[in-house]
Each structure stands twice: as C-alpha cells, then as structure tokens.
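Q:
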Amino acid sequence: MGMGMGLGLGSNMQQNNSKEWVKDASDAQKGVNEILSFEEYVALAEKRPCLECRPSCKYIKDIFEYFGKSPRGDYNLFIKESANSTAVYGQQRVYEHIYQNILNFTEEGFNNKFILLVGPNGSAKTSIVRKLMEGAEEYSKCDNGALYSFSWIFPIESYIKGTLGFERRGEQKESCSSQTYAYLEDREISSILSSELRDHPLLLIPASKRQQMIDTWLKAFPSELETVRKSYLYYGDISKRNRMIYDALLQSYQGNLAEVLKHIRVERFAISKRYSVGAVTIEPQLHVDLRIQQITMDRRLATLPPSLQSLNLFSVQGENAMANRGILEFSDLLKRPLDAFKYLIMTMESRTINLQGILTELDIFFIGSSNEIHLSAFKQHPDYYSFRGRINFIKVPYLLNAEEEVKIYNDQIASLKSKMNFEPHALECLCLWAVMTRLRPALAKNYKDKKLGELVTTLNPLEKALLYSNEFLPARLDSEEKKLLKVSIQDVIREFENENLYEGKFGISPREIKQIIYEISSKGLMVTFVDILDFLNKFIDRKNEHDFLNIAPQGDYANPVRFIELLKDYQLEIFDHELRDSLNLVDDRSYEGYLIRYVQNITSLIKGEKIKSQITGRYEDIDHFFVKEFENNIKLKESPEIFRSHMMTTLGAYSLDHPNKKIVYTEVFTDLVKTLKESFREEQKKVIVNIAKNLVFYLSEVEDPEHKRSSSLSEEGRKEIEIVLEKLQGKYRYSQAGALTLARYLIKEKY
368 MGMGMGLGLG
378 SNMQQNNSKE
388 WVKDASDAQK
398 GVNEILSFEE
408 YVALAEKRPC
418 LECRPSCKYI
428 KDIFEYFGKS
438 PRGDYNLFIK
448 ESANSTAVYG
458 QQRVYEHIYQ
468 NILNFTEEGF
478 NNKFILLVGP
488 NGSAKTSIVR
498 KLMEGAEEYS
508 KCDNGALYSF
518 SWIFPIESYI
528 KGTLGFERRG
538 EQKESCSSQT
548 YAYLEDREIS
558 SILSSELRDH
568 PLLLIPASKR
578 QQMIDTWLKA
588 FPSELETVRK
598 SYLYYGDISK
608 RNRMIYDALL
618 QSYQGNLAEV
628 LKHIRVERFA
638 ISKRYSVGAV
648 TIEPQLHVDL
658 RIQQITMDRR
668 LATLPPSLQS
678 LNLFSVQGEN
688 AMANRGILEF
698 SDLLKRPLDA
708 FKYLIMTMES
718 RTINLQGILT
728 ELDIFFIGSS
738 NEIHLSAFKQ
748 HPDYYSFRGR
758 INFIKVPYLL
768 NAEEEVKIYN
778 DQIASLKSKM
788 NFEPHALECL
798 CLWAVMTRLR
808 PALAKNYKDK
818 KLGELVTTLN
828 PLEKALLYSN
838 EFLPARLDSE
848 EKKLLKVSIQ
858 DVIREFENEN
868 LYEGKFGISP
878 REIKQIIYEI
888 SSKGLMVTFV
898 DILDFLNKFI
908 DRKNEHDFLN
918 IAPQGDYANP
928 VRFIELLKDY
938 QLEIFDHELR
948 DSLNLVDDRS
958 YEGYLIRYVQ
968 NITSLIKGEK
978 IKSQITGRYE
988 DIDHFFVKEF
998 ENNIKLKESP
1008 EIFRSHMMTT
1018 LGAYSLDHPN
1028 KKIVYTEVFT
1038 DLVKTLKESF
1048 REEQKKVIVN
1058 IAKNLVFYLS
1068 EVEDPEHKRS
1078 SSLSEEGRKE
1088 IEIVLEKLQG
1098 KYRYSQAGAL
1108 TLARYLIKEK
1118 Y
C-alpha cells in the first residue's frame, strides 16, 4: 500500500512539473506572439511613438544602446558570452566604426550605405555580424524591441453577416467601430494572407494622414521626428500585393476604410537567424536574392472574397524579403560575380528594388564581409568606382593587443583542462608571439614630432607588442622619453592604419593559434612558456604552410627566430622576478618608505629648506648622501635636476587626478620600484646563486624519490626551497611540477 501511495505521489509530481514548464513556456511566448487589432496598434503607437516609428537604422542604434558599454568602454553587444556564439574581443575600433555608420544612417533616415568588413581570413568578421544578429534577436523579444507587422484575415461567410468573432475573446464589443476580425478562431477563418515583406502596420494609414499623426506624436521628440520624416515610414507605401488587396477591399466596401481595416491582424514578430526572420545570411554561392512568383492558382484564393479572386497576386520570395526590417549579411560578398549584387547600388540610392517592373521598398541594414585578396581584385574592376560611393569599408585586422588575444582562447584552454594544464604566462607568451608576427617597424617620416619618430623606431617587436597591450614602457627609456611615448601611444597604433599594408593585415590568425594549442596540448599534461617556445622553434620551419613566415625580415620585425629570442629573455625575467619574490629577497613594503624619504629630500632641496623629522619633529639637514645613493641605485641616465623636477610634476599631476586619494608612491612610480628591485637583485646575487645551488640539490631529490643517491641538501635548505615552491603555487598559481620545471630552466639559463 505504501509503495502504491509512493508511486501515486511520484506520478502527481511529474504531472505538476510538466504543467509548470508548459505554463512557463507559454508565459514566455505570450508577449512575442502578441496579436492586436489595427485600432489597438494605432493606440499603442500613439502611446510610444519613438519605439513604433523607427526605421531599421534607428532600431539597430537602439540595440547598441540597449546592451550598453562595459566599464572599459567596450560594447557589451559584442563581448557578451552566449551558447550560440563566442564573444568577439579586441575589435573596439571596428565596433565604433559600425556604430558611427549607424548614426549617419539615422541622420539620413535610411541605410544608404553598404557596410563591408574587410580583413584577413580569420579576423572575426563573420563573428561580429553574428553577434549583431544575436543582439537583434534578444532585443526583439523585450518590450522596447517589439516589432509588428500584419496579416489579412478573411472570415467564413457566416461570420461576415453576424457579429461573432469581431470582439476580443472574453470581451463584449462596445461599438461597431471596435469590431475586428483579428481575434477570430481558426474555424471562423476562411483565408489568411500574410505580409511577406513584414510591412509596417502604420503604412496602412494613407500617407497624408499618417504624416499628420507622426508629426503630432513626435512633436516632443524633434530629433526622432527628423529621422522619421526622412524614412519610408513617413512617405512610403505598403508592398505591391498588400496594395492590391487594400485597393480591392476599399473598392468593394465603397471607400469605407474602417471596413478594410477590420481585416487587419497586427502581429508581433521576433527576429530569428535560425528561421531567417529579419536576420539572414547570403552565402557566396550564386543564386537570386529576391524573386516574385504568381500565386493566382494558389488554392487559398478560392476562399477569398470575389473582389480579390480576380487579382493577379504575386508572392515575394528570397533572402531580401526574409531580411526586410532587419539585417542582411552578404558573407564573402566579393566571391560572387559582380552582376549578382549590382542591384545594391540602386537599392542604396533609391531604397527600393525593381522586380520585373514592380518597385519594392526595402528597409534593410546591409552588411557583408570580404577578405583582402578579393578586395584587391575588386579594385581592379572597372565598376569599382561605381560601388565605392555606396560601400563603406571597415578594416577588421588581426588583434594587436595580446591581453585581448588571450581572451579568445580562454574557453578552449578551460575545455582542455582535464587533459593538460597551461602554466601561468604560457598562453600570454603564445599570444605575444602572435601579435609580434602582425607588426611593422615604425618609420620616423610618419611622425610630425621628430623626437617621437626617432624614439618609436628604436622599439623592437616585443616592446611594441607590450606597448599596444598594456601601455608598457621600456625600462631602458628615460623619464622624458617615457612621458613622450605614453602620450603618443595612439599615434603609434594609428601609424599604418590608412596604408595598404596595415598592421594586423598579415601574420598568424587566431584560427591557427587555436590549432597550435590543440597540437601542444596533445604532447603532455603540462605546458609552460618553455614548451611554447620549443614548439614555436619547430613551427617557424613550416614556411610552405604559412605565408607570413616567408616575409623578408626588417631587423627584428618579420623575424620569427628573433621573436623567440626576445620572448625567452622576457619570460625568464618575469619568472626570475617571481622566484626572487618567493625567496623573500624583495619586499614591496620597504620601497614605499624609501621613495617617500627621497621625495622629502628632493622637495626640500628644490625649495632650499630643511626637512622636518617625522620622529622628533625637529628640522634636519638634507641627506645628500642618501639622495646620491638613491639615484645611483636607479642608474640615473639624465641630469639629476631634470629627473627630480619630473618626479615632482608627476606627483602634482597624480594629486590633481586623485584629489581625495592618499598617495601611494609605489603605485605612482611603478617603474622606479622595478628599477630599485633590479638594483637590489644585483646586491643579492651571491644569495641567489647559493639558493640556486640548493634548488639543484632539491631537484635531484625529487628525481630520486627512493634516495638511492646521497643528498648534499641541508634540512634548512630543503625547508627554504619548499617555502619557495609554496609561494610560487599560492601567489603565482603555478603547479609544483611547473614551478620546478621553470626553476630548473632559469638556473640553467641565468645562474
């Protein structure tokens, strides 16, 4: 009996769960599947005219604003993770160019240019469009993103004479003017003709009256009104088929427009890439993008009123029809024969497309992609200049920011975690190498500032990659050079952007980096930057597979062998610092007081005053010996007076930028702290060498767990090494095996 009750309860719970998900799914679809009568829709448009009176260019602008920007200024629309598409990182300038084009379209009232994303293969052109379409899908499902079209509803004869089906279900009709066929049940309908181009419902209102209504609704929103007045919503018309039905019904009802509009059912629709609703991609294979087909023999016509049965109605089909009021992507546009998209020139100018003599109005955001090879061929075509005026080219290069490049592969690394582990800095090392393959040496003639031109020509590929990634300034520069370079970073980044051979046009692609990650991950359970460099040493011999490996070197640039040498020194320097920090040979806290003391001394020196002691409160003489020692420790290369003045200026600027923040000198002078640490390391060289020897003995013990060989490592030395390994694992997130491997490599290369 108990078992029977248990089974009964389980069955009831399953039924309840089933009902719950059905109810939840139904609730979620209610808004998206909204149905209105025409009268109700006009009331809605009057209530929220800015949302209902917007062409596609304004709609897409609202998509950008709906998702907003991240604290860093990136458009969330593109960096948002989702199950259907990966985030697109590091292409902020591309997003800005797209958004600026949309603003221009909004001012014009329609999409009067074709946006063509141009770049090397694998530079995320398609991914950018995919994120835009995905954002449109999500936005169209929220209240402010609601989109409406309409269908023609024709009831069965018995309901035309009666009153059933004219009121909203569950409601009593209040007057004859509120009657509509919009809410008829399927059994009460003889035929439905949809609007294949998803015509806007407001186009059903005669143009002169519609213009008056829009002027009234948007009187309080002058900028929106200006946009709408230039758009098809203000002066346009419904499609040819809808116009034929409209006119035939109007004639049948002897000019009574209210009777015609009873047949209108306003329907909300959601943009869908999967089902080609307002988001469509045309592949490069040759086919017709838009066509018409006569439907006079369609069996639906037999159920239409007699006034419509004699009409030669046509069905509009193709990608342009499906994309209307949304986004149409031409993937690899320039792979198609030129004649296949010549119609775009006229469409951009007139907003219409001519189909067998029938002008069809389109409201589409046109965007496409092409690689550099096909663009070069296109520029040689005699019709290129005809197209150029209607196409806005936006360059989509490979990333030049290694920090952003790392984000591309984080998901891939996470998915491989069960079979291998990327140690700290390994992926960063690979991404820095990737960026270095995409860079050009600076040319002094490209800079108006002669000093800047001379300075940037001294940057090697690694220094340039680090400058682009995190504004890292080479330690070898003096304070004036660093200041000049820091304020000119954007000038350096933009140096080649208008040239044919721009940075990011060549080099290794993210697709190839992903393949490298898979290849490396198959070789072992652990990947350090040493493994990355070893792999790259072999990879650069694949010159038959990768064009960028065949570019003639220009000094350190386009020189893959030199890239590896630079990265090796850089990565060793990083791990050396981490190891020394773990050995307690560097104490960050001591540098704060050291810097404060120096600043106090040079402040008094500049002012010609004594120093007030923080301990005794008495005024004391300037410690000239300490000042000289400090400047020797940082290996000062310039005049002490200029350096001291620069330090005071830096502190003053920091105080102005952070008026209520206590000055932390190690944060303001990070480069000085690093230089002091290097100086300190030189002083502690003997200590480091001694510990390095202990580390060698410890590694021997690890490799000999059964203690077959005698160990020369003392207990104190062993404990010290174990503490170091704990710090490397805890603070810097190395595995024990990774820390030991890199420690051995560092000792071999540097000590």
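Quick note, in the working numbering, the sequence shown goes up one by one and the last residue is 1118. In this text, a Cβ means the ideal position worked out from N, Cα and C, and glycines have one as well.
So, using beta-carbon positions, are residue 568 and residue 517 closer together than 8 Å?
A: The answer is yes: Cβ separation under 8 Å.
Q: Would you call the stretch 603-616 in contact with the stretch 548-564, where contact means no fewer than 3 C-beta pairs closer than 8 Å?
A: Touching, per the Cβ criterion.
Q: Drop a sphere of 10 angstroms on the beta-carbon of residue 425, count the other beta-carbons inside from all chains shown, and report buried for 16 or more, exposed for fewer.
A: With 16 or more Cβ atoms within 10 Å of its Cβ, residue 425 is classed as buried.
Q: Which residue or residues does DSSP assign as beta-bridge partners of residue 445?
A: Paired residues: none, contrary to the question.
Q: Return helix, strand or coil for residue 919, following the three-state DSSP convention.
A: The answer is coil: DSSP assigns residue 919 none of H, G, I, E or B.
Q: CB-CB under 6 Å to residue 1115, same chain, minus the five flanking residues each way: which ones, in chain order?
A: Nothing listed; no residue qualifies.
Q: Hey, out of 847, 799 and 894, whose CA is closest to residue 929's CA?
A: The residue with the shortest Cα to Cα distance from residue 929 is 799.
Q: In the DSSP output, which residue or residues are listed as bridge partners for residue 924?
A: DSSP lists 921 as partners of residue 924.
Q: Unbroken alpha helix (DSSP H) runs of length 4 or more, entirely within the stretch 940-1013: which are they?
A: Those alpha helix (DSSP H) runs which fall completely within the stretch 940-1013 and span 4+ residues are 955-974 and 991-1000.
Q: If you check the beta carbons only, do residue 472 and residue 598 fall under 8 Å apart?
A: No.
Q: Just to check my reading of the structure: residue 1092 and residue 1106 have Cβ atoms closer than 8 Å, yes? What is that Cβ distance to the nearest angstrom?
A: Confirmed, about 5 Å.
Q: Give the straight-line distance between the Cα atoms of residue 489 and residue 876, rounded to the nearest whole angstrom.
A: In a straight line, the C-alpha of residue 489 is about 6 Å away from that of residue 876.
Q: Under DSSP, the alpha helix (DSSP H) around residue 1042 begins and ends at which residues?
A: Note, residue 1042: alpha helix (DSSP H), 1037-1050.
Q: According to DSSP, residue 634 sits in a beta bridge with which residue or residues?
A: In DSSP, residue 634 forms a bridge with 402 and 516.
Q: Between residue 1059 and residue 1065, what straight-line distance do the alpha-carbon atoms span, to the nearest angstrom?
A: For residue 1059 and residue 1065, the distance between alpha carbons rounds to 10 Å.
Q: So what does residue 695 bridge to, in DSSP terms?
A: In DSSP, residue 695 forms a bridge with 647 and 733.
Q: Starting from the N-terminal side, write out each stretch of the beta strand (DSSP E) that is 3 residues or longer and does not extend beyond the stretch 455-512.
A: Whole beta strand (DSSP E) segments, 3+ residues: 481-486.
Q: Where do the ends of the beta strand (DSSP E) carrying residue 423 lie?
A: First-last for residue 423: 423-434, but that is the alpha helix (DSSP H), not the beta strand (DSSP E).
Q: Taking the straight line between their C-alpha atoms, what separation do you get for residue 997 and residue 965?
A: Near 7 Å, if we compare the C-alpha coordinates of residue 965 and residue 997.
Q: What is the DSSP secondary structure of residue 721, reduced to helix, strand or coil?
A: Here residue 721 sits in strand by DSSP.
Q: Taking C-beta to C-beta, are residue 931 and residue 873 nearer than 8 Å?
A: Taking 8 Å as the Cβ cut-off, residue 931 and residue 873 do not qualify as a contacting pair.
Q: By how many angstroms is the C-alpha of residue 1003 removed from the C-alpha of residue 1085?
A: Approximately 39 Å, taken between the alpha carbons.
Q: Please name the residue in 858, 714 and 1118 whose C-alpha comes closest to that of residue 726.
A: Per the Cα distances, 714.
Q: Rounded C-beta distance between residue 434 and residue 757? I'm assuming under 8 Å.
A: Not really, about 28 Å apart at Cβ, beyond 8 Å.
Q: Taking 8 Å as the threshold (C-beta atoms), are residue 802 and residue 852 in contact?
A: The answer is no: Cβ separation not under 8 Å.
Q: So what does DSSP say about residue 727, is it helix, strand or coil?
A: Of the three classes helix, strand and coil, the one that applies to residue 727 here is strand, per DSSP.
Q: How is residue 683 classed by DSSP in three states: helix, strand or coil?
A: Note: residue 683 maps to strand in three-state DSSP.
Q: Rounded to a whole number of angstroms, what is the C-alpha to C-alpha distance between residue 581 and residue 410?
A: When rounded, the distance between both Cα atoms is 12 Å.
Q: Return the chain-ordered list of same chain residues with a C-beta closer than 6 Å to the C-beta of residue 479, the five sequence neighbours on each side being excluded.
A: 715, listed in sequence order.
Q: Would you say the stretch 1031-1051 touches the stretch 957-975, given that touching needs at least three Cβ pairs under 8 Å?
A: Result yes; three or more Cβ-Cβ pairs closer than 8 Å.
Q: Rounding to the nearest angstrom, what Cα-Cα distance links residue 428 and residue 808 in this structure?
A: Looking at the two C-alpha atoms, the distance is approximately 38 Å.
Q: What residues in its chain sit with their C-beta under 6 Å from that of residue 400, if we drop five residues either side in the sequence?
A: Here the set comprises nothing.
Q: According to DSSP, simplified to helix, strand and coil, what is residue 785?
A: Residue 785 falls in the coil class under three-state DSSP.
Q: Extract the residue ranges of the alpha helix (DSSP H) inside the stretch 734-777, only unbroken runs of 4 or more that lie entirely within it.
A: Complete alpha helix (DSSP H) runs here, min 4: 739-746 and 751-755.
Q: If we count Cβ pairs, one from each stretch, closer than 8 Å, do we get three or more for the stretch 548-557 versus the stretch 497-516?
A: No: the two stretches stay apart, fewer than three of their Cβ pairs being nearer than 8 Å.
Q: Using three-state DSSP, classify residue 836 as helix, strand or coil.
A: Residue state, collapsed to three classes: helix.
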